[in-house]
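In our numbering, the protein residues as written are 1373 to 1497.
Since the structure comes first, as structure tokens, the remarks are kept for the end.
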């Protein structure tokens, strides 16, 4: 079964950075999808049901916390693994993210090796 990974960030250079970090997964049959805001992300998540989502928190139209909440709590898509990406590493933000249903929380700037190993771990489960 083909696996899908969605990268959501309103900054194109960050989407590109994450794509470069994870492009090796494409060789293993993982399809990379992209969204540049929360609304677009939510549409793609409902349509494509990605296995894993790297979701930026601070975005226009709908932020990552809202997207996460809608996916996990309203749409009840609990099998979609969501990792929130944020520049804010405070514990209170982390707590809020986890309360919204996020499976994990990563602080920018992120370590590409860590990101790849987390992606591999999640997609292999």
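Glycine is no exception: its CB is placed at the ideal position from the N, C-alpha and C atoms.
Values in this document were obtained by computation on a predicted structure and should not be read as measured data.
Residue range 1402–1407 is occupied by the beta strand (DSSP E) that includes residue 1407.
At the C-beta level, residue 1416 and residue 1424 stay beyond 7 Å of one another. Under the three-state reduction of DSSP, residue 1437 is assigned to helix. Distances from the alpha-carbon of residue 1456 to those of 1480, 1400, 1412, 1384 put 1480 closest. Residue pairing by DSSP places residue 1479 opposite 1458 in a beta bridge.
Residue 1376 is bridged by DSSP to 1403.
With fewer than 16 other Cβ atoms from the protein chains shown falling within 10 Å of its own Cβ, residue 1396 counts as exposed.
Of the residues 1385, 1384, 1387, 1401, the one whose Cα lies closest to the Cα of residue 1496 is 1401.
Considering only 1466, 1433, 1419, 1394, the residue with the shortest C-alpha distance to residue 1447 is 1419. Excluding sequence positions up to five before and after residue 1450, its CB lies within less than 7 Å of the CB of 1444, all in the same chain and listed in chain order.
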